[in-house]
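Chemist:
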Amino acid sequence: MLKIAVLISGGGSNLASILDKIESGFLNKIEVIKVISDRSAKGIELAKSKGIETVILDRKIYGNNLSEKILDTIYDKVDYIVLAGYLSIIGTELIESFRNKIINIHPSLIPSFSGNGMYGINVHNAAIQKGVKYSGCTVHFVNEEIDGGAIIKQAIVPVYFEDTAESLQKRILKEEHKLLPEVLKLISENMIEIVGNKIKIFDENLVLEGTL
Ligand code: GRF
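Sequential numbering from 0 applies to the sequence shown in numbering that gives the first Met the number 0.
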């Protein structure tokens, strides 16, 4: 079993999709040990209702020591950290302790619309303003550079002329709910290998079909 901590900041819909896929048996080698939020968040209630241990580490209280506090909470207890809509910066100590064991989902095709200031609706506003015909989402490893770690998997989403940032966000979020569980499945089945800054996937056919 791969023991994971899921870090959230808000809605927790990506957390919900992970928990759904555990319940359906798709993620049969994943166990969510802890859900940590940097503010009071809807996702915390969801985790509690599933009997998962939850911790709120308010970033207004812990400030620059937030990552250290997270490390104290999970050290020796989890194998992997999943950032699912987590908005605080991950500190060096935490990255070093979990090197190549922290993944993040970002709502664009990295490197487009990523990096500093590119979070939440800003990402989709930037995509609409640029007039791109495709956007999407990316699951990547977390390193010291914001949104800069090795890309594990991406999903493409079309952008239509009539789209607003909000309608695009909604369409991409649906794909996120498939992509993140797919990557967790690959990781828990040892089906990825890190080769420099590239990721080799051993089973490209492992996809979640249909709507989730
Ligand atoms: C998602 O779009 C995620 O990619 C981004 O923040 C949003 C959070 O969604 N980082 P949720 O909290 O999982 O509903």
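For glycine and all other residues, C-beta sits at the position ideal for the given N, C-alpha and C.
In the DSSP assignment, find the beta strand (DSSP E) that holds V34 and state where it starts and stops.
Modeler: Translated into the one-based positions of the sequence shown, residue 34 becomes position 35. Residues I29 to S36.
Chemist: What are the boundary residues of the beta strand (DSSP E) that includes G135?
Modeler: By one-based count along the sequence shown, residue 135 stands at place 136. Taken as a continuous stretch (DSSP letters only), the beta strand (DSSP E) holding G135 covers Y133 to F140.
Chemist: Please name the residue, chosen from K41, I29 and K152, that lies closest to C136 on a Cα-to-Cα basis.
Modeler: Taking the sequence shown and counting its residues from 1, the one referred to as residue 136 is at position 137. Closest by alpha carbon: K152.
Chemist: In whole angstroms, give me the CA-to-CA distance for D57 and I94.
Modeler: Reading the sequence shown from its first residue, position 58 is the one you call residue 57. Reading the sequence shown from its first residue, position 95 is the one you call residue 94. Between D57 and I94, the C-alpha separation is close to 20 Å.
Chemist: In its own chain, which residues sit with a C-beta less than 6 Å from the C-beta of K199, not counting the 5 before and 5 after it?
Modeler: Mapped onto the sequence shown, residue 199 falls at position 200. E192, listed in sequence order.
Chemist: Grab me the residues of Y133's own chain with a C-beta within less than 8 Å of its C-beta, minus the 5 sequence neighbours each way, in chain order.
Modeler: The residue labelled residue 133 in the question sits at position 134 within the sequence shown. Cβ neighbours of Y133 beyond the five flanking positions: L108, I155, V156, P157 and V158.
Chemist: Measure from the alpha carbon of A149 to the alpha carbon of each residue in A164, R98 and I88, then state which is nearest.
Modeler: Here the question's residue 149 lines up with position 150 in the sequence shown. Selected option, being the one with the closest Cα: R98.
Chemist: Assuming Y61 is part of the alpha helix (DSSP H), what are its boundary residues?
Modeler: Position 62 of the sequence shown holds residue 61. R58 to Y61 is the extent of the alpha helix (DSSP H) around Y61.
Chemist: What does Y79 pair with, by DSSP beta-bridge criteria?
Modeler: On the sequence shown, position 80 is the one that residue 79 refers to. DSSP, once it has assigned bridges, lists I3 as partnering Y79.
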